[in-house]
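If you count by full-length UniProt numbering, then the sequence shown holds residues 1 to 581, one letter each, in order.
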Amino acid sequence: MSKSTSRSRLAEIIKIFIKYNVVPNFVQQKNPEQVKTAFEELGPTFIKIGQMLSVRDDLLSTKFTKTFKTLQDSVPSDSYLTVKKTIESELDLLIEDIFEEFTKAPFASASMGQAHHAKLKNGDTVVVKVQHPNIAEEIMLDLQLFERALPLIKYIPETSVVDLNGVLQEVRRSLTNELDFFKESKNGVLFYEKNDHWQEIRSPKIYEAFCSKKVIVMEAMPGENLNHLMNITADEPPLIEGYDNQQLKQSIAKLLVENFMKQVFDDGFFHADPHPGNILFHLLTPDELSHSQTTETKKRQKEFHSISVTATSRITKQAAPYTLNYIDFGMMGQLSLTLRQRLTEAVIALYTKDNYRIEKAVLRLCQQEGSFDESNFHQELATFLEQYTDSPIEEIEIQEVFTQIVVICHQNNLQFDRDITLLLKAFSTLEGVIRVLDPEMSLMEIATPFAQNYFFTHLEIEETLKKTGLDLLSGLKTAPKLPQQLHHLLEIWTSGQGKVNLEIKKQEDLLSRIENMVNRIVFGVILAALIVGASLLVQAAPDDRFNVISILGICTYAIAALVIIFLAIDSLIQLYKKRKK
């Protein structure tokens, strides 16, 4: 990028920021619609920043997070000649040699690219997603400008609560992934393998031979944006004969949540952006319905020494008269076996309302980012969880609980693992969809069976019994020695050799304050000595003329005066900081 381009983009950002009062509004948490409009005008980089902040309830007010969740990207579409050039340069083939038909006008255009309908030479109807030219360079330029501005932004006191550098790195990582269409195609292939024809869920086939860093060719999926179903009211004519609209919406909500839980706990690979625009609702035609069946596959695997036993069961049944079709795989999340195990422990702990287990499970999901006071964290978490002690499990709002736990962790310098943060973002997006489709649904009730099933599936009974047996044998071996050890302990105490170690809460802060007090006392003693010494020198000097003794006394007075002024200013500054807190 040239310097002139960099300057012009920086000028554009500053102009829009001033026009919509972005910094004052953001700092004071007011007028979120103005900030949202500014981000949309500034393009994909700022839209992505807004979308990432939309789940940071620990940093932003509720009205800001809700507004940022509605961020939409919209850019002018490229000409057919530009699209043709991109496809042919990426695939090293003429467009006529790949497609039997290609619709020149795009049917959708977003910040990263645009989509066209087409037909392959073999007759398959497909969607071709083509990246906008130079979009990668534009995004990287924005990120570089943002990075340069960080040192200046940090001087605004209120922004200190936001880890701007962390947000920037997360945005960079996310956008880099989304700009790589080849990686998205690999995500689509994996999602297809794990979810296509799971109950009523469908996923498009990816034509890997025609995919590259800037082009994706995938199966065309029928249906309308899920918003169409979400906006239908109960008193409107039913979409499907024999289905009440409200019952249909409830069935769709349950299907979405169950599939998402299956992605998280069974697959460890989940769709991180399940908003309505990425899911199509399709009503099956009579011909499609007659040929439609769903197959639910359950796999169980157990290890016994060197033998691995796998049992697979398949249940085939007549499908419902609709499908939910996923169409975008730019943002996906992955959970390792370790993270899934820890997440399972957290969900089961919430289900059993065991505060100790919840605390330990949360700590295992977090990383310490600063000083951490475990007793303070325990007290804050216990106080928050008290309100759910007597609540029925179906009344617990799992998203609300997780959001508040994130806030408490942030306040105690604990940061969730990046993959868990992405999961919470996805869950927050899905929760918004579910609240419209079925406000009465309990996500906790649906999540718990999946967590329990994962726990028991991965429970190594033989290994657990071995560990328990070893612990028991160790305890039996130690038990006879307990009376002797107790007698030895009493002898130490009676002989006066016993010692007690006490740990004072916030010991470092207390020692620091004591050190400051001692330093001030020393300063005071030295200051008093200077004043007394100066007085003696001036008193001893002859009255008729200035000499070395009188000059030395005056200089000593001056030094004492400067020290007094310095201490007075320092005391006023400390007092101001205390009152500000």
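A virtual CB, placed ideally from N, CA and C, is assigned to each residue, including glycine.
Kindly indicate which residue of the options has the alpha-carbon position closest to the one of residue i.
i       : options                            : result
Ala-105 : Leu-422, Glu-374, His-117          : His-117
Tyr-260 : Trp-198, Asn-177, Tyr-576          : Going by the sequence as given, residue 260 is Phe instead of Tyr. The shortest Cα separation from Phe-260 among Trp-198, Asn-177, Tyr-576 belongs to Trp-198.
Glu-397 : Glu-374, Ile-446, Asp-417, Ser-375 : Ile-446
Gln-169 : Leu-190, Leu-381, Met-140, Val-189 : Met-140
Glu-101 : Phe-107, Lys-119, Thr-285          : Lys-119
Asp-124 : Val-217, Cys-409, Gly-432          : Val-217
Ile-559 : Gln-399, Gly-533, Tyr-576, Ser-375 : Gly-533
Ala-272 : Ser-174, Thr-233, Asp-78, Glu-193  : Ser-174
His-410 : Phe-384, Phe-270, Glu-369, Leu-424 : Glu-369
Pro-286 : Met-331, Ile-252, Ile-240          : Ile-240
Arg-561 : Leu-229, Glu-374, Leu-527          : The sequence shown places Ala at residue 561, not Arg. The shortest Cα separation from Ala-561 among Leu-229, Glu-374, Leu-527 belongs to Leu-527.
Ile-564 : Gln-250, Tyr-576, Phe-523          : Phe-523
Arg-364 : Phe-384, Arg-342, Gly-333          : Arg-342
Ala-346 : Phe-416, Lys-183, Asp-196          : Phe-416
Phe-269 : Gly-242, Cys-555, Phe-329          : Phe-329
Val-171 : Asp-142, Ala-149, Asp-196, Lys-194 : Asp-142
Cys-211 : Tyr-356, Gln-131, Leu-145          : Gln-131
Ile-327 : Pro-44, Asp-196, Asn-516, Asp-244  : Asp-196
Pro-274 : Lys-353, Asp-266, Leu-256          : Leu-256
Gln-28  : Leu-10, Ser-61, Arg-7              : Ser-61
Arg-202 : Asn-231, Leu-283, Asp-266          : Leu-283
Thr-323 : Thr-494, Ser-391, Leu-229, Pro-392 : Leu-229
Glu-440 : Lys-249, Ala-349, Thr-37, Leu-179  : Lys-249
Phe-450 : Lys-194, Thr-37, Asp-266           : Asp-266
Ser-535 : Cys-555, Gln-51, Thr-233, Asn-519  : Cys-555
Tyr-557 : Glu-491, Ile-531, Val-525          : Ile-531
Ile-279 : Asn-325, Tyr-192, Lys-194, Leu-575 : Asn-325
Asn-376 : Phe-39, Leu-414, Gln-574           : Leu-414
Lys-262 : Leu-437, Ile-13, Leu-94, Phe-427   : Phe-427
Could you pull the start and end residues of the beta strand (DSSP E) that residue i belongs to?
i           : result
residue 582 : Residue 582 cannot be examined here, being either before or after the span of the chain that is shown, 1 to 581.
Gly-113     : 113-120
residue 642 : Residue numbering for the chain in the displayed model covers 1 to 581; residue 642 lies beyond these limits and cannot be assessed.
Glu-101     : 99-102
Would you mind giving the Cβ-Cβ distance between residue i and residue j, rounded to the nearest angstrom? I have them listed as a contact below 8 Å.
i           : j       : result
Glu-41      : Thr-67  : Between Thr-67 and Glu-41 the Cβ distance is about 15 Å, and since that is not below 8 Å, they are no contact.
Glu-90      : Lys-214 : 5 Å
residue 582 : Leu-289 : Residue 582 lies beyond the stretch modelled for the chain, which goes from 1 to 581, so this question has no answer here.
Pro-133     : Thr-176 : Actually they do not touch by this definition, with Cβ atoms about 18 Å apart.
Val-264     : Leu-335 : 7 Å
Tyr-207     : Val-127 : That belief does not hold up - the Cβ atoms of Tyr-207 and Val-127 are roughly 10 Å apart, past 8 Å.
Phe-281     : Glu-219 : Not really, about 17 Å apart at Cβ, beyond 8 Å.
Glu-339     : Asp-419 : What sits at residue 339 in the sequence shown is Leu, not Glu. About 6 Å; that satisfies the 8 Å criterion.
Lys-69      : Gly-333 : Not really, about 18 Å apart at Cβ, beyond 8 Å.
Met-52      : Glu-178 : The Cβ separation is near 12 Å, so there is no contact.
In the DSSP assignment, what residue or residues form a beta bridge with residue i?
i       : result
Gly-333 : Phe-270
Leu-414 : Gln-368
Ser-109 : Gln-114
For the ligand COA, I want to know if residue i counts as a neighbour, meaning its beta carbon is within less than 6 Å of at least one of the ligand's heavy atoms.
i       : result
Gln-404 : In the structure on display, the ligand COA does not appear, and there are no ligands present to speak of.
From which residue to which residue does the alpha helix (DSSP H) around residue i run?
i       : result
Ser-89  : 80-91
Leu-489 : 482-494
Ile-47  : 44-53
Asp-287 : 286-290
Ala-479 : Where Ala-479 is concerned, there is no enclosing alpha helix (DSSP H), given that its DSSP letter is neither H nor E.
Asn-134 : Neither: Asn-134 is in no alpha helix (DSSP H) and is coded neither H nor E.
Asn-25  : 22-28
Gln-379 : 374-385
Thr-70  : First-last for Thr-70: undefined, no H or E at that position.
Tell me, please, whether the CB atom of residue i is closer than 7 Å to any CB atom in chain D?
i      : result
Ile-98 : Structure shown: chain D not included; a single protein chain is present.
Which runs of the alpha helix (DSSP H) fall wholly inside the segment 195-282 and span at least 4 residues, in chain order?
List check, alpha helix (DSSP H) in window: 227-230, 245-261.
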